[in-house]
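*Asks:* Taken in sequence, the protein lines are chains C and Z. First residue of the first sequence: 7, per the numbering used here; consecutive thereafter. First residue of the second sequence: 7, per the numbering used here; consecutive thereafter. One structure follows; several queries about it will come next.
There are 2 protein chains.
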Amino acid sequence: MPEWRKDPVVDRWVAVSTERAKRPTDYRRTVEQTKRERCPLCEGHEGDTPPEVLAFRSIGSEPNHPGWWVRVVPNKFPACRVEEDNEVYQEDIYFKRRGVGAHEVIVETTNHEPNLVNQTEWQIAEVIWAWRARSLDLRRDKRLKYVSIFKNKGSIAGASLEHAHSQLIALPMAPIEIREELAGVKAYKKMNRRCVFCDVWRYEAKTRERVVVEGDCFLSFVPYAARFPFEMWVVPKEHQHDFVQIHEAGVHDLAGVLRESLRRLAWTVYDPPYNMILHTAPVNEAACEDYHWHIEILPRLTIIAGFELGTGYYINPTPPEMAAAAMREAGDWCPEVIGAVQEVRAGA
Amino acid sequence: MPEWRKDPVVDRWVAVSTERAKRPTDYRRTVEQTKRERCPLCEGHEGDTPPEVLAFRSIGSEPNHPGWWVRVVPNKFPACRVEEDNEVYQEDIYFKRRGVGAHEVIVETTNHEPNLVNQTEWQIAEVIWAWRARSLDLRRDKRLKYVSIFKNKGSIAGASLEHAHSQLIALPMAPIEIREELAGVKAYKKMNRRCVFCDVWRYEAKTRERVVVEGDCFLSFVPYAARFPFEMWVVPKEHQHDFVQIHEAGVHDLAGVLRESLRRLAWTVYDPPYNMILHTAPVNEAACEDYHWHIEILPRLTIIAGFELGTGYYINPTPPEMAAAAMREAGDWCPEVIGAVQEVRAGA
Numbered sequence: 007m008p009e010w011r012k013d014p015v016v017d018r019w020v021a022v023s024t025e026r027a028k029r030p031t032d033y034r035r036t037v038e039q040t041k042r043e044r045c046p047l048c049e050g051h052e053g054d055t056p057p058e059v060l061a062f063r064s065i066g067s068e069p070n071h072p073g074w075w076v077r078v079v080p081n082k083f084p085a086c087r088v089e090e091d092n093e094v095y096q097e098d099i100y101f102k103r104r105g106v107g108a109h110e111v112i113v114e115t116t117n118h119e120p121n122l123v124n125q126t127e128w129q130i131a132e133v134i135w136a137w138r139a140r141s142l143d144l145r146r147d148k149r150l151k152y153v154s155i156f157k158n159k160g161s162i163a164g165a166s167l168e169h170a171h172s173q174l175i176a177l178p179m180a181p182i183e184i185r186e187e188l189a190g191v192k193a194y195k196k197m198n199r200r201c202v203f204c205d206v207w208r209y210e211a212k213t214r215e216r217v218v219v220e221g222d223c224f225l226s227f228v229p230y231a232a233r234f235p236f237e238m239w240v241v242p243k244e245h246q247h248d249f250v251q252i253h254e255a256g257v258h259d260l261a262g263v264l265r266e267s268l269r270r271l272a273w274t275v276y277d278p279p280y281n282m283i284l285h286t287a288p289v290n291e292a293a294c295e296d297y298h299w300h301i302e303i304l305p306r307l308t309i310i311a312g313f314e315l316g317t318g319y320y321i322n323p324t325p326p327e328m329a330a331a332a333m334r335e336a337g338d339w340c341p342e343v344i345g346a347v348q349e350v351r352a353g354a
Numbered sequence: 007m008p009e010w011r012k013d014p015v016v017d018r019w020v021a022v023s024t025e026r027a028k029r030p031t032d033y034r035r036t037v038e039q040t041k042r043e044r045c046p047l048c049e050g051h052e053g054d055t056p057p058e059v060l061a062f063r064s065i066g067s068e069p070n071h072p073g074w075w076v077r078v079v080p081n082k083f084p085a086c087r088v089e090e091d092n093e094v095y096q097e098d099i100y101f102k103r104r105g106v107g108a109h110e111v112i113v114e115t116t117n118h119e120p121n122l123v124n125q126t127e128w129q130i131a132e133v134i135w136a137w138r139a140r141s142l143d144l145r146r147d148k149r150l151k152y153v154s155i156f157k158n159k160g161s162i163a164g165a166s167l168e169h170a171h172s173q174l175i176a177l178p179m180a181p182i183e184i185r186e187e188l189a190g191v192k193a194y195k196k197m198n199r200r201c202v203f204c205d206v207w208r209y210e211a212k213t214r215e216r217v218v219v220e221g222d223c224f225l226s227f228v229p230y231a232a233r234f235p236f237e238m239w240v241v242p243k244e245h246q247h248d249f250v251q252i253h254e255a256g257v258h259d260l261a262g263v264l265r266e267s268l269r270r271l272a273w274t275v276y277d278p279p280y281n282m283i284l285h286t287a288p289v290n291e292a293a294c295e296d297y298h299w300h301i302e303i304l305p306r307l308t309i310i311a312g313f314e315l316g317t318g319y320y321i322n323p324t325p326p327e328m329a330a331a332a333m334r335e336a337g338d339w340c341p342e343v344i345g346a347v348q349e350v351r352a353g354a
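In structure tokens form, the structure reads like this:
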């Protein structure tokens, strides 16, 4: 089981593998793509994963057998585990803690399809319900302070399996990125007496030039200071600090807005690798109601290099307004199914 | 010229291209490797770069002609430029500023060689002198608050040119990563009355298990909470807040420690891509004396994915102690020249 170590200077925790460590020679091998016939996430291969912790499945079907449409399993190589204790230990000048938490994989479809966007809106809504159910279940453990849900699409974005899936890591501390956002939200509120995310989505919906897709409950737009080309934020119009506050109409609207945003992204820049990250309030902590949950879609068309790693600043070669206009225009004529499409366009 | 835009929630600035923007179709092309015969950084191709701002060259040789051994030129596609004004403009709820600053390329050798480690210690010392000279010159512009110096080695780490080079970006604001480190240093000092970096290098030098190379003036070690496998920090033993405080003996010692650390890294994990980042105190600002400058070497063997981008935390599959031991052991038998070597070992 990994241990979490704190950097001695900044508030940054790192999960360091101990048991299943990668030795120098392990870095010689190139990453293998999982072949369709031995993909552990495909229907019929349920025995190749740890037993499921949640599955939406047809009545009468057996756990860990076919019959499901969304399935959640523990990660085979978890970064943390609920069984561990939650103490912080001092090691002379350093601090570490055991890997308390959870690490799960949300299998987004039964068939070996890498693109979430090629699922129906109904299927994407089911994935969102699965995220919500797991977040609600895990927070019953009061030691856990944050439930991070994210999706890596494509090997450049960190996916080691091709089959469409998202991941969940529950942590015993609220991460620095979220605490900085929460501090920013509070500072803005103190100054302006309003929520910055509410102000931002209203301003974007009014000015339109960075909007990509607008639903009844969600707005998808390229943020003003986008770090990555074609970056999008999907923000609920209602002020909700916690993702699990989403209601039924919201889930369906979000599924539609997400699908449409990802479809336009895929068509505009050739089915790029991306990370999709849910940002939500910490759990089991007071005074987080000022937060405003949202989803960030970060296409990986540029490289995070020395400047970004050294400063925390970014260089974005595509103006957000140009990116949004291209994705808005793509909407009318891009195909329903993305995939082989990429090669068609690349040759155009 | 790009403009700098501030994120509305957190203190993150992004340089957004306006003039030379990348359109969606530009992302179709794969990155071209610069061929040796048309590399603009090679000796004899001085006309292919903007005129040099600094060159160490033989007496009698002409500027922008052969005869140099280290050469500094403005970046052809700069993220910022000294000619711009320094005002912060409000755009309704957002803030932006012109791209005041500088963006330069330090050419580390005359010949088309991608590995800094294959240069002599003397040549690496000359590169360090060039970093120092440019940092000293640029800070005379009192609008500039930070000089970021970094190196991207290999296309995975963000290098668009193969020829060994580092970069410098001077900024009108001290970046968030540095300000967080400065805050961490001050907090530790308030609690313990000592510098955390001084405590860290002394503890590492005493316990040895994470040390890679020790010189008279510098210690190179794998940090306790390394984010990346085989990450190294190179820390001056003397408390210096600002890189330009380095003295002559220090430059030569640093050149040796850097060369030896990079050589062991290259041999141990097959000449990996890496970012090397100088962390130093802000300039033209008071109260930075508590900072302790250092260099971070970040091998790019793992991928920065959704978890890292969403939380600011990392997962490191190789324990720092294992990485350090492997690099220490490599020292006795790894060859002086790294390069073709990689293939020899990969087939071993």
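In this text, a Cβ means the ideal position worked out from N, Cα and C, and glycines have one as well. It should be emphasised that the depicted structure is a prediction, and the values quoted were computed from it without experimental measurement.
Taking 8 Å as the limit between beta carbons, can you name the residues of its chain near valine 123 (chain Z), skipping five residues before and five after?
*Replies:* As a first step, residue 123 (chain Z) must be located in the second sequence, where it is residue number 117. Answer for valine 123 (chain Z): Arg265, Leu268, Arg269, Ala272 and Ile344, listed in chain order.
*Asks:* Is valine 275 (chain Z) close to chain C, meaning its C-beta is less than 8 Å from at least one C-beta of that chain?
*Replies:* Working through the second sequence from its first residue, we reach residue 275 (chain Z) at position 269. It does: the Cβ of valine 275 (chain Z) has a partner Cβ on chain C nearer than 8 Å.
*Asks:* In the DSSP assignment, what are the bridge partners of lysine 102 (chain Z)?
*Replies:* Stepping through the second sequence from its first residue, residue 102 (chain Z) is reached at position 96. In DSSP, lysine 102 (chain Z) forms a bridge with Z:Arg11 and Z:Tyr95.
*Asks:* In chain order, what residues of the same chain lie with their CB nearer than 6 Å to the CB of arginine 11 (chain Z), ignoring the 5 residues before and after it?
*Replies:* The residue you call residue 11 (chain Z) lines up with position 5 of the second sequence. Contacts found: Val20, Val22 and Lys102.
*Asks:* Is the region 212 to 221 of chain Z in contact with the region 42 to 55 of chain C, if contact means three or more CB pairs nearer than 8 Å?
*Replies:* Judged by Cβ distances under 8 Å, the region 212 to 221 of chain Z makes no contact with the region 42 to 55 of chain C, as fewer than three pairs qualify.
*Asks:* Short check: CB of isoleucine 184 (chain Z) to CB of aspartate 17 (chain Z), under 8 Å?
*Replies:* Numbered from 1 along the second sequence, position 178 holds the residue referred to as residue 184 (chain Z). Numbered from 1 along the second sequence, position 11 holds the residue referred to as residue 17 (chain Z). Not a contact, by the Cβ cut-off of 8 Å.
*Asks:* On the DSSP bridge assignment, give the partners of tyrosine 198 (chain Z) in chain order.
*Replies:* Sequence index remark: in the second sequence, residue 198 (chain Z) carries index 192 (1-based). Note that residue 198 (chain Z) is asparagine in the sequence shown here, rather than tyrosine. Beta-bridge pairing links asparagine 198 (chain Z) to no other residue.
*Asks:* Taking the C-alpha atoms as reference points, what is the distance between methionine 357 (chain Z) and asparagine 92 (chain Z)?
*Replies:* Look at the range of chain Z in this structure, 7 to 354, and you will see that residue 357 (chain Z) is not part of it.
*Asks:* So the candidates are Z:Trp239, Z:Ala255 and Z:Thr31; which of them puts its Cα closest to the Cα of leucine 304 (chain Z)?
*Replies:* Counted from its first residue, the second sequence places residue 304 (chain Z) at position 298. Comparing Cα positions, the closest option is Z:Trp239.
*Asks:* Output yes if chain Z places a C-beta closer than 8 Å to the C-beta of glutamate 183 (chain C); else output no.
*Replies:* Residue mapping note: residue 183 (chain C) aligns to position 177 of the first sequence, counting from 1. Yes, its Cβ sits closer than 8 Å to a Cβ of chain Z.
*Asks:* Check each candidate in C:Tyr100, C:Val217, C:Ile99 and C:Lys82 and name the one with the smallest Cα separation from alanine 330 (chain C).
*Replies:* In the first sequence, counting from the first residue as 1, residue 330 (chain C) sits at position 324. Of the listed residues, the one whose Cα sits closest to alanine 330 (chain C) is C:Val217.
*Asks:* Using a beta-carbon distance below 8 Å, is aspartate 13 (chain Z) in contact with chain C?
*Replies:* As a working note, residue 13 (chain Z) is residue 7 in the second sequence. Yes - at least one Cβ of chain C is within 8 Å of the one on aspartate 13 (chain Z).
*Asks:* What is the residue span of the alpha helix (DSSP H) that arginine 140 (chain Z) lies within?
*Replies:* Along the second sequence, one-based indexing puts residue 140 (chain Z) at 134. Start and end: 127 to 144.
*Asks:* If you draw a straight line from the C-alpha of valine 350 (chain Z) to the C-alpha of arginine 34 (chain C), how long is it?
*Replies:* As a first step, residue 350 (chain Z) must be located in the second sequence, where it is residue number 344. As a first step, residue 34 (chain C) must be located in the first sequence, where it is residue number 28. Here valine 350 (chain Z) scores only 43 on pLDDT, less than 50, and its place in the model should not be relied on; the value that follows carries that caveat. Cα to Cα, valine 350 (chain Z) sits roughly 12 Å from arginine 34 (chain C).
*Asks:* Taking buried to mean at least 16 other C-beta atoms within 10 Å of its own C-beta, is phenylalanine 83 (chain Z) buried or exposed?
*Replies:* Here residue 83 (chain Z) refers to the residue found at position 77 when the second sequence is read from its first residue. Its Cβ having fewer than 16 others within 10 Å, phenylalanine 83 (chain Z) is exposed.
*Asks:* With 16 as the cutoff for other CB atoms within 10 Å, does asparagine 198 (chain C) come out buried or exposed?
*Replies:* Residue 198 (chain C) sits at position 192 when you count from the first residue of the first sequence. Exposed: under 16 other Cβ atoms inside 10 Å.
*Asks:* Quick check: the region 192 to 207 of chain C against the region 143 to 156 of chain C, are there 3 or more CB pairs under 8 Å?
*Replies:* Result no; under three Cβ-Cβ pairs closer than 8 Å.
*Asks:* What's the call for tryptophan 75 (chain C), buried or exposed, on a 16-neighbour Cβ count within 10 Å?
*Replies:* For the purposes of this step, residue 75 (chain C) is taken as residue 69 along the first sequence, with counting starting at 1. Buried.
*Asks:* So with Cβ pairs under 8 Å, would you call serine 23 (chain Z) a contact of chain C?
*Replies:* Taking the second sequence and counting its residues from 1, the one referred to as residue 23 (chain Z) is at position 17. Judged by the 8 Å Cβ criterion, serine 23 (chain Z) is in contact with chain C.
*Asks:* Between which residues of its own chain and valine 263 (chain C) is the CB-CB distance below 7 Å, once the five residues before and five after are set aside?
*Replies:* In the first sequence, residue 263 (chain C) corresponds to position 257, counting from 1. The residues are Val219, Gly221, Phe224, Ser226 and Val240.
*Asks:* With a cut-off of 8 Å, does the C-beta of phenylalanine 313 (chain Z) fall near any C-beta of chain C?
*Replies:* Taking the first residue of the second sequence as 1, we reach residue 313 (chain Z) at position 307. Chain C contact via Cβ: present.
*Asks:* Under 8 Å, Cβ to Cβ, is there at least one residue of chain C near isoleucine 283 (chain Z)?
*Replies:* One-based indexing of the second sequence puts residue 283 (chain Z) at position 277. Chain C contact via Cβ: present.
*Asks:* Since proline 80 (chain Z) contacts glutamate 110 (chain Z) with CB under 8 Å, what's their CB separation in whole angstroms?
*Replies:* Taking the second sequence and counting its residues from 1, the one referred to as residue 80 (chain Z) is at position 74. Taking the second sequence and counting its residues from 1, the one referred to as residue 110 (chain Z) is at position 104. Right, the Cβ-Cβ distance comes to about 6 Å (below 8 Å), so this counts as a contact.
*Asks:* Would you say proline 235 (chain C) and proline 323 (chain C) are within 8 Å of each other, going by their C-beta atoms?
*Replies:* The count along the first sequence starts at 1 and reaches residue 235 (chain C) at position 229. The count along the first sequence starts at 1 and reaches residue 323 (chain C) at position 317. It is a contact, given that the beta carbons lie within the stated cut-off.
*Asks:* Answer yes or no: the CB of proline 242 (chain C) versus the heavy atoms of the ligand ZN, is any distance below 7 Å?
*Replies:* With respect to small molecules bound, the structure shown includes none, and the ligand ZN cannot be examined in it.
*Asks:* Any idea what DSSP makes of lysine 151 (chain C), helix, strand or coil?
*Replies:* Position 145 of the first sequence, counted from the start, is the residue given in the question as residue 151 (chain C). It is coil, neither helix nor strand.
*Asks:* How about phenylalanine 156 (chain C): is its C-beta nearer than 8 Å to some C-beta of chain Z?
*Replies:* As a working note, residue 156 (chain C) is residue 150 in the first sequence. Chain Z contact via Cβ: present.
*Asks:* Quick one, which residues of the region 188 to 202 of chain C are near chain Z if we go by CB-CB under 7 Å, in chain order?
*Replies:* Here the close residues are Gly190, Val191 and Val202.
*Asks:* If you check the beta carbons only, do alanine 232 (chain Z) and proline 120 (chain Z) fall under 8 Å apart?
*Replies:* Walking along the second sequence from the start, residue 232 (chain Z) turns up at place 226. Walking along the second sequence from the start, residue 120 (chain Z) turns up at place 114. Not closer than 8 Å, so no.
*Asks:* Apply the 10 Å Cβ neighbour rule to threonine 31 (chain C) and answer buried if 16 or more other Cβ atoms are within range, or exposed otherwise.
*Replies:* For the purposes of this step, residue 31 (chain C) is taken as the residue at position 25 of the first sequence. By the 10 Å Cβ count, threonine 31 (chain C) comes out exposed.
*Asks:* Given that phenylalanine 95 (chain C) touches chain Z, what residues does it touch there, using C-beta distances under 8 Å?
*Replies:* To locate residue 95 (chain C), count along the first sequence from 1; it is residue 89. Strictly speaking, residue 95 (chain C) in this sequence is tyrosine, with phenylalanine absent from that position. Those within 8 Å of tyrosine 95 (chain C) in chain Z number zero; the least Cβ separation is about 13 Å.
*Asks:* Along the chain, where does the alpha helix (DSSP H) containing alanine 329 (chain Z) start, and where does it finish?
*Replies:* Along the second sequence, one-based indexing puts residue 329 (chain Z) at 323. Note, alanine 329 (chain Z): alpha helix (DSSP H), 326 to 336.
*Asks:* Can you give me the Cβ contacts of tyrosine 95 (chain C) inside the same chain, cut-off strictly under 6 Å, excluding the 5 residues immediately before and after it?
*Replies:* Numbered from its first residue, the first sequence carries residue 95 (chain C) at position 89. Hits under 6 Å: Lys102.
*Asks:* Rounded to the nearest angstrom, what separates alanine 261 (chain Z) and arginine 104 (chain C) at their Cα positions?
*Replies:* For the purposes of this step, residue 261 (chain Z) is identified with residue 255 of the second sequence, where counting begins at 1. For the purposes of this step, residue 104 (chain C) is identified with residue 98 of the first sequence, where counting begins at 1. Going by the C-alpha atoms only, they are around 38 Å apart.
*Asks:* With valine 76 (chain Z) as the anchor, note down where its beta strand (DSSP E) starts and where it stops.
*Replies:* As a first step, residue 76 (chain Z) must be located in the second sequence, where it is residue number 70. 74 to 80 is the extent of the beta strand (DSSP E) around valine 76 (chain Z).
*Asks:* With a threshold of 8 Å between beta-carbons, can glutamate 186 (chain C) be considered close to chain Z, or not?
*Replies:* By one-based count along the first sequence, residue 186 (chain C) stands at place 180. It does; some Cβ of chain Z falls within 8 Å.
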